[in-house]
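Chains as they are written, first to last, in this note's numbering: chain A, 1 to 261; chain B, 1 to 261. Even glycine gets a Cβ: it sits at the ideal position worked out from N, Cα and C. So the structure is just underneath, and the comments pick up after that.
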DNA sequence: AAGTGGTCTAGACCACGCC
DNA sequence: GCGTGGTCTAGACCACTTC
């Protein structure tokens, strides 16, 4: 059998299968806890190879929709169907979702050549022009996080033209056709430099919770690299994973930072 | 050519390849920003098929170690040791996967009634018996993390009977039929108490990176609740996520009804 | 023993980036 | 045009769970 790659609208088979299965699950065709048909049956039903079915099911599994364990049929998982992704990407949306009022104060925008590390993260050549945007983010007026976002010139030019009082840069970029679809996050510690100390109103050297994030569009082209530094006690990161899937979220911790148990 | 599935220790090819590539990157064989050899070349070099190479590279990609974009060679994204949530990894497996030698020193095992909070996390009634296991974890002999694991009696009894020199409690439990399939993680900061300070050989009050984790079996029954505290600079956590393919993948032109089917 | 998902192969064509 | 990674196929065997 020959595959038909040149489909009219170049629809990908595994995506099509994944979408149909997802709709079937959401439509209730497969209830929570129900068993999915075996891969072989699905392959026959959709007229594709088992490999393609597995690719599609990997997508669903990574969305947390179905289980997968050797020896047993896949089962449908209940739970939140919502996109935790937009919340995770945008500080603004996350803040709103927990009932807080997000704010931001633009500190400065710098247009300069990329350093080697930055160029690597953004997939540019060293020395290519990038925009660095430094902002203080607040919850109900209280300083919470310093955000250093680095954009390639193409995207940065859009950001630089935003009015200074725009709260959500991410939302603004989306309306300009910049898509955020994939992100890699790294979480560890950092110590406040002079910018952090000034904006967060804390002593220099104060320990901070750091999240570095590399975001790409659907084609895998980097659109943003950001380093966010949170005051301790203001936030915790949460991750859920089942076998091979993970969903990142944030959790706000109102009040004071209670030292360890 | 025939694959040899029944390898002596049932080592998985794609994991082996992923581990070797990761070591090569960490060893500096491939510097940050360097291009990886094409998949075909790697397949030949490691004596496996291209599919297996792709499987291995998918692991590295989800660990945030390498890029992947059609048309261009994969490049190395430098960075510190990171613990990925792409797979539900125990400390032991993670250490091995980055080419380090994991170690552990059992400090004490306490059998006592669960406090209210603990009972809630483990789905038990307050006062139910639990086992607290306190261990120092090391990488190549260096103190890295203090692990406080809480088990319900059923599981804890198994742990308590393990020889003190067992490195991976998780693996040991799996062989006893205890399955770990789902986990919720919370990451924030904590400060070293006297136990932490003694085991990690750091001053009390030292800031630590804290991961709290609740793990359940396939049926959703809690099997472990753990609080791990890492010395700063020894670890970073990584998460990858992406937009659900159907949510934003297809755009509707204005004026059309919501796509039902 | 039967059936399931997990791994692996050896081919092929396609879309994309770069020269 | 050429090389890259992305997709796809049609087989195969293996490990695990369940009956």
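Listed along the chain, the chain B residues whose CB falls inside 7 Å of the CB of residue 95 of chain A amount to none; the nearest CB is some 18 Å away.
Contact of residue 228 of chain B with chain A is not assigned, every C-beta pair being separated by 8 Å or more. Closest in alpha carbon position to residue 209 of chain A, among B:216, B:180, B:186, is B:186. In the three-state scheme derived from DSSP, where H, G and I count as helix and E and B as strand, residue 101 of chain A is classed as coil. Inclusion of residue 153 of chain A and residue 130 of chain A in the CB contact set at 8 Å is warranted, their separation being smaller than that value.
In this structure, DSSP gives residue 11 of chain B a state outside helix and strand, which the three-state scheme calls coil. By the criterion of a C-beta distance shorter than 6 Å, residue 92 of chain A is surrounded in its chain by 102, 167, 168, once the five residues flanking it on both sides are discounted. A straight-line Cα-Cα distance of about 27 Å links residue 165 of chain A and residue 237 of chain A. In the assembly as shown, residue 215 of chain A is a buried residue. Its beta-carbon has 16 or more other beta-carbons within 10 Å. Using a CB distance cut-off of 8 Å, residue 217 of chain A does not count as an interface residue toward chain B.
The beta carbons of residue 171 of chain A and residue 90 of chain A sit closer together than 8 Å. Put simply, the CB of residue 144 of chain B is far from chain A, with every gap to its CB atoms at 8 Å or more.
Under the Cβ distance rule, residue 108 of chain B does not count among the residues neighbouring chain A, no pair being separated by less than 8 Å.
In terms of beta-carbon proximity, residue 239 of chain A lines the interface with chain B, with at least one pair separated by less than 8 Å. Among the residues of chain B, none has a CB under 7 Å from the CB of residue 173 of chain A; the nearest is roughly 14 Å distant. Using a Cβ-Cβ cut-off of 8 Å, residue 207 of chain A counts as an interface residue toward chain B, since at least one Cβ of chain B sits closer than that to its own.
For residue 15 of chain A and residue 123 of chain A, the gap between their C-alpha atoms comes out near 26 Å.
Scanning B:96, B:222, B:229, B:184 for the CA closest to the CA of residue 194 of chain B turns up B:229. For residue 55 of chain B, DSSP assigns no beta-bridge partner whatsoever. Here DSSP, grouped into helix, strand and coil, assigns residue 151 of chain B to strand. Where residue 170 of chain A is concerned, the enclosing alpha helix (DSSP H) starts and stops at 169–175.
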